[in-house]
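Engineer: Dropping a structure here in structure tokens format, bear with me for questions.
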Amino acid sequence: MKPAWPVLINLRADPYEVMWEESQMYMRWMADNMWTFVPAQQYVAEFLATFREFPPVRGSSLSVDNVLQELLQQGTGR
Numbered sequence: 144m145k146p147a148w149p150v151l152i153n154l155r156a157d158p159y160e161v162m163w164e165e166s167q168m169y170m171r172w173m174a175d176n177m178w179t180f181v182p183a184q185q186y187v188a189e190f191l192a193t194f195r196e197f198p199p200v201r202g203s204s205l206s207v208d209n210v211l212q213e214l215l216q217q218g219t220g221r
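Going by this note's numbering, the sequence shown opens with residue 144, and the numbers climb by one from there.
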């Protein structure tokens with residue numbers, strides 16, 4: 144069963160994330176807590192706005208893939 148809305152899970156109360164599928168009262172709980180999505184939109188919008196100011200960048204690491212990519216770029220630059 145896949146709901147048409149985001150599934151809210153309290154990991155302390157339901158660490159295995161199965162209550163929403165097994166509980167007979169989840170639909171009632173979800174209806175009672177549907178109001179939380181409206182104020183949450185503001186927080187999500189603020190978080191997403193930070194990506195304009197600080198866009199994601201690829202992290203640097205000493206991996207074989209990065210060394211190989213750098214060698215290939217140096218080889219084509221000559």
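The beta-carbon is built from N, C-alpha and C at its ideal position, and this holds for glycine as well. Since this is a predicted model, take the numbers as computed values, not measurements.
May I have the straight-line CA-CA distance separating Leu215 from Trp163, to the nearest angstrom?
Structural biologist: One-based indexing of the sequence shown puts residue 215 at position 72. One-based indexing of the sequence shown puts residue 163 at position 20. So the two alpha carbons sit approximately 50 angstroms from each other.
Engineer: How is the alpha helix (DSSP H) around Thr193 delimited, first residue to last?
Structural biologist: As a position in the sequence shown, residue 193 is number 50, starting the count at 1. Residues Phe180 to Glu196.
Engineer: Hey, could you find the ends of the alpha helix (DSSP H) Tyr169 is sitting in?
Structural biologist: Residue numbering aside, residue 169 sits at position 26 when the sequence shown is read from its first letter. Here the alpha helix (DSSP H) through Tyr169 covers Tyr169 to Asp175.
Engineer: Can you grab the Cα-Cα spacing for the pair Leu191 / Ala183, in whole Å?
Structural biologist: By 1-based counting over the sequence shown, the position of residue 191 is 48. By 1-based counting over the sequence shown, the position of residue 183 is 40. Near 12 angstroms, if we compare the C-alpha coordinates of Ala183 and Leu191.
Engineer: Cutting at 6 angstroms between CB atoms, please list the residues of its own chain near Gln217, excluding the five before and the five after it.
Structural biologist: Mapped onto the sequence shown, residue 217 falls at position 74. Contacts found: none.
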